[in-house]
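First to last, the sequence lines map onto chains A and B.
Read in order, the letters of the first sequence are residues 22 to 486 in my numbering.
Read in order, the letters of the second sequence are residues 9 to 217 in my numbering.
Single-structure report; data block below.
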Amino acid sequence: MANTSTTPPVRQHWAHQLLDWVDARFPLTPLWESQWGKYIAPKNMNFWYIFGSLSALVLALQIVTGIFLTMNYKPDALLAFASVEYIMREVPWGWLIRYMHSTGASAFFIVVYLHMFRGLLYGSYRKPRELTWIFGCLIFLSLMAEAFFGYQLPWGQMSFWGAQVIVNLFAAIPVIGPDLAIWIRGDYVIGDATLNRFFAFHVIAIPLVLIGLVVAHLMALHETGSNNPDGIEIKKQPKDPHTGLPLDGIYAHPYYSVKDVFGVAVFLLVFSIIMFFAPEMGGYFLEYNNFIPADPLKTPPHIAPVWYFTPYYSIQRATTTDLLYVLAAGVVVLVAFYWREIPRGLWRKLTLAVAAVLLVGFYFIEAKVWGVVLMGASVLFFFLMPWLDRAPVKSIRYKGPLYKTALAIFVVAFLVLGWLGTEAPTPAYTRLAQVGTLLYFGFFILMPWYSKADSHKPVPSRVTK
Amino acid sequence: MSQSTDATLAPGAAGAEAVDPERRRLLVATCIAGGAASGAVAWPFLASMQPSDRARALGAPVEADISALEPGQQMIVEWQGKPVWIVRRTKEMLATLTQDTAQLADPNSKRSEQPTAAQNEYRSLKPEYLVVVGICTHLGCSPTARFAPNDPSMGPNWPGGFLCPCHGSKFDLAGRVFANMPAPDNLPVPNYKYLSDTKLLIGDETKGA
Ligand code: HEM
Ligand code: FES
Numbered sequence: 022m023a024n025t026s027t028t029p030p031v032r033q034h035w036a037h038q039l040l041d042w043v044d045a046r047f048p049l050t051p052l053w054e055s056q057w058g059k060y061i062a063p064k065n066m067n068f069w070y071i072f073g074s075l076s077a078l079v080l081a082l083q084i085v086t087g088i089f090l091t092m093n094y095k096p097d098a099l100l101a102f103a104s105v106e107y108i109m110r111e112v113p114w115g116w117l118i119r120y121m122h123s124t125g126a127s128a129f130f131i132v133v134y135l136h137m138f139r140g141l142l143y144g145s146y147r148k149p150r151e152l153t154w155i156f157g158c159l160i161f162l163s164l165m166a167e168a169f170f171g172y173q174l175p176w177g178q179m180s181f182w183g184a185q186v187i188v189n190l191f192a193a194i195p196v197i198g199p200d201l202a203i204w205i206r207g208d209y210v211i212g213d214a215t216l217n218r219f220f221a222f223h224v225i226a227i228p229l230v231l232i233g234l235v236v237a238h239l240m241a242l243h244e245t246g247s248n249n250p251d252g253i254e255i256k257k258q259p260k261d262p263h264t265g266l267p268l269d270g271i272y273a274h275p276y277y278s279v280k281d282v283f284g285v286a287v288f289l290l291v292f293s294i295i296m297f298f299a300p301e302m303g304g305y306f307l308e309y310n311n312f313i314p315a316d317p318l319k320t321p322p323h324i325a326p327v328w329y330f331t332p333y334y335s336i337q338r339a340t341t342t343d344l345l346y347v348l349a350a351g352v353v354v355l356v357a358f359y360w361r362e363i364p365r366g367l368w369r370k371l372t373l374a375v376a377a378v379l380l381v382g383f384y385f386i387e388a389k390v391w392g393v394v395l396m397g398a399s400v401l402f403f404f405l406m407p408w409l410d411r412a413p414v415k416s417i418r419y420k421g422p423l424y425k426t427a428l429a430i431f432v433v434a435f436l437v438l439g440w441l442g443t444e445a446p447t448p449a450y451t452r453l454a455q456v457g458t459l460l461y462f463g464f465f466i467l468m469p470w471y472s473k474a475d476s477h478k479p480v481p482s483r484v485t486k
Numbered sequence: 009m010s011q012s013t014d015a016t017l018a019p020g021a022a023g024a025e026a027v028d029p030e031r032r033r034l035l036v037a038t039c040i041a042g043g044a045a046s047g048a049v050a051w052p053f054l055a056s057m058q059p060s061d062r063a064r065a066l067g068a069p070v071e072a073d074i075s076a077l078e079p080g081q082q083m084i085v086e087w088q089g090k091p092v093w094i095v096r097r098t099k100e101m102l103a104t105l106t107q108d109t110a111q112l113a114d115p116n117s118k119r120s121e122q123p124t125a126a127q128n129e130y131r132s133l134k135p136e137y138l139v140v141v142g143i144c145t146h147l148g149c150s151p152t153a154r155f156a157p158n159d160p161s162m163g164p165n166w167p168g169g170f171l172c173p174c175h176g177s178k179f180d181l182a183g184r185v186f187a188n189m190p191a192p193d194n195l196p197v198p199n200y201k202y203l204s205d206t207k208l209l210i211g212d213e214t215k216g217a
């Protein structure tokens with residue numbers, strides 16, 4: 022490529038020669054350098070920045086263990102339960118592979134929830150990282166689908182009745198619901214056809230989507246550059262005259278490579294302790310009722326989803342007729358409250374139309390349908406974060422008491438909803454879940470107001486420790 | 009790559025920039041046709057997820073022998089993959105059905121599903137035997153029997169009936185749902201008929217519950 026006629030050829034190591042050979046045909050070195058090797062990251066990324074790499078690690082773990090489980094698992098309503106027991110008892114090391122996979126599922130949600138929480142702390146969803154965030158939200162949705170389909174495969178009592186309830190949520194949609202549910206099940210009831218297609222979704226369809234989204238997520242991130250705990254854009258800083266890097270930037274490799282390896286080691290230690298000593302985690306990671314084969318004639322006396330779905334399950338259960346009255350009042354109050362902020366013309370008309378549809382809908386459509394809508398909305402609101410937050414600063418370090426309080430309430434509401442979702446419903450618990458639901462949505466819906474009304478501290482020009 | 013010999017650009021630099029409306033129209037038409045074709049190809053895939061011919065054929069009625077069922081007992085038979093309950097109700101159980109219908113959401117089963125011959129206060133062909141599909145009309149769990157009247161865990165004045173474990177819907181001994189429960193409607197009664205005094209045919213007339 023370059024003109025080398027003036028200098029004598031230097032004998033290169035064969036590995037370099039091989040790399041040159043590849044680079045002339047495929048952009049291997051540019052890919053590595055743009056995505057990691059020469060990626061410039063803020064020098065102040067902290068503990069919370071480990072969970073992205075850990076998510077990627079767990080994704081790889083799930084894919085590898087999943088492939089090996091597939092070698093012995095049978096997606097057949099008559100054989101599935103026994104094939105899982107066979108893996109546990111008779112396949113050499115089968116128990117280890119299965120426990121890695123089942124513990125991995127819970128670990129995935131733990132690291133992804135912490136990863137998302139980091140976003141809420143430091144405003145990582147704000148401009149210019151909106152697409153990184155949106156790809157992240159899509160990953161979260163796909164992950165929920167992946168976990169739901171995977172949970173059906175052992176074909177225990179919880180698999181069966183969980184699928185029954187969730188698919189029937191779709192049946193609640195007016196007009197198209199019943200046919201949609203039959204189409205999802207592939208039968209009039211949850212059965213072999215359902216298990217077989219959920220297997221297809223779990224082992225190939227959703228994983229492909231997940232991998233594609235993770236690639237997009239990382240490409241978007243490496244385009245804008247990482248945020249940091251101070252929420253300062255290092256790319257806007259002057260360059261260091263010696264290194265040519267932004268003043269607060271360092272190379273991801275080797276600096277963050279080393280940090281990530283350390284994080285991985287700690288994570289694997291904790292993961293192994295759980296996997297070897299408490300793989301069922303007291304019924305939270307693997308539910309006891311799922312050690313009973315699916316029985317379409319008998320629902321277990323207490324059913325609850327796996328822990329990572331329970332906040333959303335609580336929101337769905339909390340949506341009763343009483344809550345709809347509160348929601349109707351809430352819609353009216355919100356429209357009045359935000360009215361002056363809404364641009365005149367089309368936007369105002371649209372707001373009124375949406376409010377009217379909601380009010381009429383609350384009156385005419387059963388509460389269980391709204392339960393489904395609210396459950397969906399509780400995930401979809403995350404997508405809107407980049408536009409709901411109107412604070413002039415990104416990071417919680419410079420945000421005021423309003424945002425800090427709101428975030429604390431949100432976290433408590435999320436945890437309480439999660440706990441309630443594992444309990445049998447009583448009237449008092451249902452009330453509590455309703456309060457939790459309102460607080461959960463309040464965090465998002467009131468954000469345009471409190472993020473603006475808040476007091477903010479000045480952001481320094483250089484990152485702090 | 010593109011050389012001046014390329015006939016399409018020949019008329020000069022300006023021509024290379026300007027949109028040729030005829031070609032643009034062709035391009036749009038091609039895109040629409042291609043899009044329609046891709047959409048049409050998606051159909052067989054989506055349609056393949058509907059119930060297969062075999063699944064459709066499996067709606068056959070099932071016979072149930074009720075000769076061993078004692079008064080106050082319940083049996084479960086599987087029909088179309090669903091639990092169908094047969095409850096032999098005692099005199100006392102039947103008496104609860106007429107007591108306090110004001111607490112029920114749909115006491116006369118006006119909006120619930122049952123053959124017309126069973127749209128009565130007992131929701132059955134013969135008062136003694138209740139035949140219902142044991143699938144909660146909320147989200148499809150199967151309720152459990154709570155036959156004992158005044159069961160303390162069921163709240164005050166419990167007449168006896170069923171409790172859904174999933175979201176707590178309560179039903180009376182005719183499968184009628186109590187008011188203000190997550191489940192909107194009574195448990196569906198399937199089509200059935202008596203083949204003899206001790207034999208039932210459930211799911212007669214193909215139409216499912
Ligand atoms: C399979 C799941 C996921 C993987 C493998 C993954 C991977 C990563 C990695 C490696 C990073 C860079 C390191 C770091 O900042 O921690 C990152 C950053 C980020 N991720 Fe994810 N992620 C996943 C899911 C999500 C989800 C569900 C969201 C949000 C809904 C999200 C939002 C973000 C944001 C906003 C950043 C930029 C953070 C910043 O610069 O402050 N990610 N992700
Ligand atoms: S499924 Fe029976 S109450 Fe919800």
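Heads up, the beta-carbon is just placed ideally off N, CA and C, and yes, glycines get one too.
In the structure shown, B/W166 falls within a coil segment according to DSSP collapsed to helix, strand and coil. Within 9 angstroms of the CB of B/K90, the CB atoms of chain A belong to Y209, V210, P317, L318, in sequence order along the chain. The residues A126, L138, V139, A182, V197, in chain order, have a CB closer than 8 angstroms to that of B/S132 in the same chain once the five nearest residues on each side in sequence are set aside. The Cβ atoms of A/M121 and A/M296 sit closer than 8 angstroms to each other. The C-beta of A/E308 comes no closer than 8 angstroms to any C-beta of chain B. With a cut-off of 7 angstroms, the C-beta of A/H323 is classified as distant from the ligand FES, since no heavy atom of the ligand falls inside that distance. Bounds of the alpha helix (DSSP H) holding A/Q337 are 331-339. With its beta carbon less than 8 angstroms from one in chain B, A/I203 belongs to the interface. Under the Cβ criterion of 8 angstroms, A/A214 is counted among the residues facing chain B. B/R97 is the residue among B/R97, B/L209, B/G169 whose C-alpha sits nearest the C-alpha of B/P135. Residue environment analysis places A/I225 among the exposed positions, since fewer than 16 neighbouring C-beta atoms fall within 10 angstroms of its C-beta. Interface with chain A (8 angstroms Cβ-Cβ cutoff): B/Q81 is excluded. When secondary structure is reduced to three states using DSSP, B/L138 falls in the strand class. For the stretch 187-204 of chain B, the set of residues with a beta-carbon nearer than 8 angstroms to any beta-carbon of chain A comprises N188, P190, P192, in chain order.
At the C-beta level, A/L467 and A/V347 stay beyond 8 angstroms of one another.
Proximity of the beta carbon of B/H175 to the ligand FES is indicated: a heavy atom of the ligand is located closer than 7 angstroms.
Contact residues of the stretch 133-156 of chain B toward chain A are H146, L147, G148, C149, S150, T152 (C-beta to C-beta distance below 7 angstroms). Comparing C-alpha distances from A/L135 to each of A/G157, A/W114, A/L152, A/W116 shows the shortest one belongs to A/G157. When CB distances to chain A are screened at a threshold of 8 angstroms, the residues of the stretch 56-76 of chain B falling below it are M57, Q58, P59, S60, A63, G67, in chain order.
In terms of beta-carbon proximity, B/G176 lines the interface with chain A, with at least one pair separated by less than 8 angstroms.
For the pair A/L174 and A/F129, the CB atoms are not nearer than the 8 angstroms cut-off. B/E86 reaches chain A at P317, L318, counting residues in chain order whose Cβ is nearer than 8 angstroms.
For A/A166, the enclosing alpha helix (DSSP H) covers residues 151-173.
Per DSSP, B/Y202 is one residue of the beta strand (DSSP E) stretching across 200-204. For B/P173, a Cβ of chain A is located within less than 8 angstroms of the residue's own Cβ. Excluding residues up to 5 positions away in sequence, W470 lie with their Cβ nearer than 8 angstroms to the Cβ of A/F358 in the same chain. In the structure shown, the three-state DSSP call for B/I74 is coil. For A/W440, the three-state secondary structure derived from DSSP is helix.
Note on geometry: alpha-carbon atoms of B/N128 and B/R154 lie some 22 angstroms from one another. Identification of residues in the stretch 360-391 of chain A having a C-beta nearer than 7 angstroms to some C-beta of chain B yields E387, K389, given in sequence order.
At least one heavy atom of the ligand FES lies closer than 7 angstroms to the C-beta of B/P190. Each of A/G284, A/M66, A/F330, A/R139 was checked against the Cα of A/A166, and the nearest Cα belongs to A/F330. A/A98 places its beta carbon 8 angstroms or farther from that of A/W42. Placement of the Cβ of B/L147 at a distance of less than 7 angstroms from at least one heavy atom of the ligand FES is found.
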